[in-house]
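Quick notes on the structure that follows.
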Amino acid sequence: MMQRTGALARLVFVDLIGSVVWFPVWWYTTGLKNMIVWCVEGINYRRRQYAIGLWVRNFFVPMYAQYDWGGRLVSIWMRFVVIIGRSLGLVLEGLAYAFLVVCWCVVPPLALVLALQNIIYGTFVQQVPTLR
Amino acid sequence: MPNASSLPQVPEAVVCSACGADSRASASCHMCHGAGVGIPTSDGFLVWNTLVDDFTIAIRKLRIKINAALHLLVMVGIIACLAVFLWNVVNHYSLEAVQTVEFWTIGHWFVTVFYLGVVLAAFFIFRLSEFTGQAKYLPHWLRKDENKKPSPANVALDVAPYFSVEAMETVEAAYLLAKELGRIEITPDLLFAAALSGRSGGLFMARLGMRFESVKSDLVRLLLLAPAGKPPITFSREAKRALAASFALADEAHRKHVTAMEIFVQAFLESQKMQDLLDKLGFQAAHVLHVAEWVLLQEKLKEDHERFVALARLKPKTVMNRSMTAVQTSLLDRFSQDLTLMARNGYLMPMIGNEKVMDELMRALEGGLRSVVLVGEAGAGKEAVLEELARRMVEEDVPPILFDKRLVSVNLAQVVAAGDMGLAAERLLAMLQEVGVSGNIVLALYGIEALVGSGSGPMDLAETLASELDKGYCLVVATTTPQAWSQYLERRSLGKKLIKVEVKEADAEQTVHVLMAKAASIEYQNRVFLSYASIEKATQLATRYLHDTAAPQNALMVMREAAVLARKQRGEGTFVSADDVAKIVHDKTNIPVEMVSSEESEKLLNLETRMHGRVVGQDEAVVAVSRAIRRARAELREGKRPIANFLFLGPTGVGKTEMAKTLAEQYFGDDAAMVRLDMSEYQDKSSIARMIGHPGDERGGLLTEAVRKKPFTIVLCDEIEKAHPDILTLFLQVMDDGRLTDGVGRTIDFTNTIVIMTSNAGTGFIQNAVSEGQSMERIKTALLERELKGIFRPEFLNRFDGVIVFKPLTRDEVVQIAWLLVNKTAKMLEDKGIYFRADDVAVEALADAGFDPLFGARPLRRVLQDRLETNLADMLLRKSVQRHDTIVLNADGSLSVEPAPDTLG
Numbered sequence: 001m002m003q004r005t006g007a008l009a010r011l012v013f014v015d016l017i018g019s020v021v022w023f024p025v026w027w028y029t030t031g032l033k034n035m036i037v038w039c040v041e042g043i044n045y046r047r048r049q050y051a052i053g054l055w056v057r058n059f060f061v062p063m064y065a066q067y068d069w070g071g072r073l074v075s076i077w078m079r080f081v082v083i084i085g086r087s088l089g090l091v092l093e094g095l096a097y098a099f100l101v102v103c104w105c106v107v108p109p110l111a112l113v114l115a116l117q118n119i120i121y122g123t124f125v126q127q128v129p130t131l132r
Numbered sequence: 001m002p003n004a005s006s007l008p009q010v011p012e013a014v015v016c017s018a019c020g021a022d023s024r025a026s027a028s029c030h031m032c033h034g035a036g037v038g039i040p041t042s043d044g045f046l047v048w049n050t051l052v053d054d055f056t057i058a059i060r061k062l063r064i065k066i067n068a069a070l071h072l073l074v075m076v077g078i079i080a081c082l083a084v085f086l087w088n089v090v091n092h093y094s095l096e097a098v099q100t101v102e103f104w105t106i107g108h109w110f111v112t113v114f115y116l117g118v119v120l121a122a123f124f125i126f127r128l129s130e131f132t133g134q135a136k137y138l139p140h141w142l143r144k145d146e147n148k149k150p151s152p153a154n155v156a157l158d159v160a161p162y163f164s165v166e167a168m169e170t171v172e173a174a175y176l177l178a179k180e181l182g183r184i185e186i187t188p189d190l191l192f193a194a195a196l197s198g199r200s201g202g203l204f205m206a207r208l209g210m211r212f213e214s215v216k217s218d219l220v221r222l223l224l225l226a227p228a229g230k231p232p233i234t235f236s237r238e239a240k241r242a243l244a245a246s247f248a249l250a251d252e253a254h255r256k257h258v259t260a261m262e263i264f265v266q267a268f269l270e271s272q273k274m275q276d277l278l279d280k281l282g283f284q285a286a287h288v289l290h291v292a293e294w295v296l297l298q299e300k301l302k303e304d305h306e307r308f309v310a311l312a313r314l315k316p317k318t319v320m321n322r323s324m325t326a327v328q329t330s331l332l333d334r335f336s337q338d339l340t341l342m343a344r345n346g347y348l349m350p351m352i353g354n355e356k357v358m359d360e361l362m363r364a365l366e367g368g369l370r371s372v373v374l375v376g377e378a379g380a381g382k383e384a385v386l387e388e389l390a391r392r393m394v395e396e397d398v399p400p401i402l403f404d405k406r407l408v409s410v411n412l413a414q415v416v417a418a419g420d421m422g423l424a425a426e427r428l429l430a431m432l433q434e435v436g437v438s439g440n441i442v443l444a445l446y447g448i449e450a451l452v453g454s455g456s457g458p459m460d461l462a463e464t465l466a467s468e469l470d471k472g473y474c475l476v477v478a479t480t481t482p483q484a485w486s487q488y489l490e491r492r493s494l495g496k497k498l499i500k501v502e503v504k505e506a507d508a509e510q511t512v513h514v515l516m517a518k519a520a521s522i523e524y525q526n527r528v529f530l531s532y533a534s535i536e537k538a539t540q541l542a543t544r545y546l547h548d549t550a551a552p553q554n555a556l557m558v559m560r561e562a563a564v565l566a567r568k569q570r571g572e573g574t575f576v577s578a579d580d581v582a583k584i585v586h587d588k589t590n591i592p593v594e595m596v597s598s599e600e601s602e603k604l605l606n607l608e609t610r611m612h613g614r615v616v617g618q619d620e621a622v623v624a625v626s627r628a629i630r631r632a633r634a635e636l637r638e639g640k641r642p643i644a645n646f647l648f649l650g651p652t653g654v655g656k657t658e659m660a661k662t663l664a665e666q667y668f669g670d671d672a673a674m675v676r677l678d679m680s681e682y683q684d685k686s687s688i689a690r691m692i693g694h695p696g697d698e699r700g701g702l703l704t705e706a707v708r709k710k711p712f713t714i715v716l717c718d719e720i721e722k723a724h725p726d727i728l729t730l731f732l733q734v735m736d737d738g739r740l741t742d743g744v745g746r747t748i749d750f751t752n753t754i755v756i757m758t759s760n761a762g763t764g765f766i767q768n769a770v771s772e773g774q775s776m777e778r779i780k781t782a783l784l785e786r787e788l789k790g791i792f793r794p795e796f797l798n799r800f801d802g803v804i805v806f807k808p809l810t811r812d813e814v815v816q817i818a819w820l821l822v823n824k825t826a827k828m829l830e831d832k833g834i835y836f837r838a839d840d841v842a843v844e845a846l847a848d849a850g851f852d853p854l855f856g857a858r859p860l861r862r863v864l865q866d867r868l869e870t871n872l873a874d875m876l877l878r879k880s881v882q883r884h885d886t887i888v889l890n891a892d893g894s895l896s897v898e899p900a901p902d903t904l905g
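In order, the protein sequences belong to chains B and W. Terminal number for the first sequence in this note's numbering: 132, no gaps in between. Terminal number for the second sequence in this note's numbering: 905, no gaps in between.
Next up, the structure:
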């Protein structure tokens, strides 16, 4: 009997009402963690794709096997440019991911606050066509 | 309790130590929450503590429906909020107005709706993450490498929330089944039966080759053993144990959820009665567990594939490496295939097993200075090792020396096909030059022995490659066979430059795994399904009878052909059975490998009578040979020796060879399935080489080649007493171990042969003894103890399963033989539409003329030729006989013609 009541209670209080209460807690605990993991995986994948470490290790190895002096110089210059470019790209992407995490944290409460602000201080009630 | 080694081990379930499973105390027990029994693990005391009845089943279904409806509602809400916002903005505001802070904060109702939409979207993300999953993820689903805490936790962990929808439906089905059968306890048997009737169960049964109808009645009888009564229906302690163990098994295997498959396995393991029942019905416990393993393996392959696809995207699509140090290799590209590129594009399959070889290869390559050669029989999996290397290079799961490189397979045949050997060497050097300059290429050379001898004089391509390898600018992974390695490479400079890594033939367990892994592609190509029995049969028969290629390749070939056969015979969507596999192997080898049918068992039991249709008299020989065939057909032999070794003793012309032919016809289906060696040709020592081949001679010997090409045969050695003693020593090994090594080092398998040796030694003694009326038993003893002692060594005579003495033929027996021969002639005439009849007296006269105490029945054939067949031939040529006429052999030996009656009146 206890378990039957439990099952019904779970349906009503956990799944329906409870989830509304749990939602903010989840958003800043499990949800945030999942988001950060997703971002870290994304940036890691990009890091492997750019292979900056590989380029640094091969910094003095001429590109396209051009072992003459001219080839070596051009190669070093190109590697320098590519490493800088890719590093910059990686940093920018990292920033974008960081921005996403910040958005995750800020956007829902901000939206809620702004909505409340609009409702309380604005002309919300008067403007809603059906409530006019 | 049976358990397949590859299934993860599950800890034993125990009674709750806190409450001792006392029903009064356990309801409030902190450790088991009333379950009473569970499995102690580091994640908690695993218990099944979830009520299943009509109400909870209904609630669970309702919950799924309500959640789906709620999510739909929220989604519609989000879309509506966004639509209202956009519609208002687009219709009433300019872009400049939207860009002001005032617009967002002044309190426009539709902006507020937009804000609420954003909050709703966040809520939607939350709901999707937490409420749409089938069930909770198992603790070690993603944390595979995490070390488990050594001590078990003393807190109850209810396993039910981790059960997938299908698993939960299985438990509910067990409840409904119990209710239907009027039982008050859900037992493991009920869980098993419920799992069988589910989707996974259907696949299981099909893979096992089990038809539900065939087990249904026995299963119901077993289910009715559970206690009967009126509800409530509860879980038995064994069922709770099985359900907790399902969780443990799924978690050990790093599954996402507990599925019906785990319930199936654990319920099966929990119920000894179920195991006995299935065993009685022909489904051994080991087979059932192997099928479970199969499902797990396919899941694992799927996961591995997902990981591979993600990593493959990082590998360049062109010849250029990621650090851009490489160059274009136009010549190499013409003569090669980029294995890493093929792997990247998903054309190469992962390797199953052979991990040890892979580790050895990686270690050898990690040294960085020496190239490697994989030495293994054709079909043992050398190519698979190279393909796996390519896959690992794509994943960059390789030692630093292979990092950011590509594996390129050179088509050696194309290189040496230049015609002009100088040109081939030039090509090879130019390609190696490209490899050196590019610096990102590892060469894969299949069948490196092709380079040996292709060149001008002693400086062949092998030497050219060896000298280039010495310079250390390129790495090579080559393959070759053991024979080619010992013959062409081992003692040459190229062989010395290569590290040898042996690829051994797969054993039965590995072969089964390979077939399981490849099953999906075979099934997809042929649109059929493979049963476990077919896989097991293919492995068993291929390793035993097909020696042209090594396992697992031979088993794979059989399996592929059996799939095609099943599709052609029964259409798409059918299951490949063990019989299909046996049929393929039978067609390939002519050996009756199918299960003995009732018709055939009848034949086998009456084999003596059937053999007497060809062999007259010689009862003892017929009985001994028939018994050997029955033993072989019932699979009651060791499999490490020839099927049987017989020594036939007796005078000439008494039926020794005829007996061997009859045996070949009865067992191998063809009386020509015979390797016949006249041992009088092997009287000197040097003739051993003729038999097993000269050292290094690829052509092999007469005996070894014949048996290698046709391993299912009778080896008939005539007049063995004339052979050189060393040859007899050679046969000692054949008769004892069932194998012989030929001149090039190949091991020839004799385990599917029947070795028959005939000898005329002691003929005089036999004839005298028979005429004196001595018993055959006594004659045989005297022969073995006295007469043959000086001719054969005792250990040689001991190797025979039967020494069979053929006694001289009596007149009656010769008359019977004469009848057999006359009937054969009659049959030939019948094929021409002419009938034949012979008088008894005439046949007896032929027998008398053809019988010779010294030569047995041998002269009979000549007499028949002279007196009957020659005259018949004359009649036919003279056209004195028409179709449908009858030729009569008269008592005086003359021939006459009885014209056919005129049917037209």
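Glycine included, each C-beta is placed from N, C-alpha and C at the ideal position.
Would you identify the three-state DSSP class for residue i, choosing helix, strand or coil?
i      : result
W/I766 : helix
W/I834 : coil
W/S467 : helix
B/L131 : Per-residue confidence for B/L131 stands at a pLDDT of 47, beneath the threshold of 50, marking its modelled position as unreliable; the derived number appears in the next sentence. Three-state result, B/L131: helix.
W/A80  : helix
W/L716 : strand
W/K640 : coil
W/R911 : Residue numbering for chain W in the displayed model covers 1 to 905; residue 911 of chain W lies beyond these limits and cannot be assessed.
W/N3   : Per-residue confidence for W/N3 stands at a pLDDT of 45, beneath the threshold of 50, marking its modelled position as unreliable; the derived number appears in the next sentence. Coil, per DSSP.
Find out if the Cβ-Cβ distance for the pair residue i, residue j is shorter than 8 Å.
i      : j      : result
W/L740 : W/I727 : no
W/M351 : W/E388 : yes
W/T652 : W/R858 : yes
W/E572 : W/R527 : yes
W/F668 : W/F712 : yes
W/V215 : W/M261 : no
W/A900 : W/H884 : yes
W/V258 : W/F126 : no
W/I754 : W/A634 : no
So the candidates are the options; which of them puts its Cα closest to the Cα of residue i?
i      : options                        : result
W/S531 : W/A364, W/L223, W/V288         : W/V288
W/M393 : W/I184, W/E705, W/K405         : W/K405
W/D507 : W/N554, W/V593, W/I522         : W/N554
W/S217 : W/L278, W/A239, W/E252         : W/L278
W/V654 : W/A621, W/L716, W/L546, W/R127 : W/A621
W/A582 : W/V593, W/A769, W/F575         : W/V593
W/K821 : W/E785, W/R861, W/G850, W/L797 : Just to set this straight, residue 821 of chain W is Leu in the shown sequence, not Lys. When each option's Cα is compared against that of W/L821, the closest is W/R861.
Spatial neighbours of residue i within its chain, please: CB distance less than 7 Å, with the 5 preceding and 5 following residues excluded, ordered by chain position.
i      : result
W/E360 : V501
W/A845 : G893
B/Y97  : C39, G42, I43
Excluding the 5 residues preceding and the 5 following residue i in the sequence, name in chain order all residues of the same chain whose CB lies nearer than 6 Å to its CB.
i      : result
W/K709 : none
B/R86  : Y50, I52
Any C-beta of chain B within less than 9 Å: which residues of the stretch 102-129 of chain W qualify? W104, T105, I106, G107, H108, W109, F110, V111, T112, V113, F114, Y115, L116, G117, V118, V119, A121, A122, F123, I125, F126, R127, S129
Using Cβ-Cβ distances below 8 Å, what residues of the stretch 314-346 of chain W are close to chain B? L314, R322, S323, M324, T325, A326, V327
Taking beta-carbon pairs under 9 Å, can you tell me which members of the stretch 414-448 of chain W lie near chain B? V437, S438, G439
Using a beta-carbon distance cut-off of less than 8 Å, what residues from the stretch 50-76 of chain B approach chain W? A51, L54, W55, R57, N58, V61, P62, M63, Y64, A65
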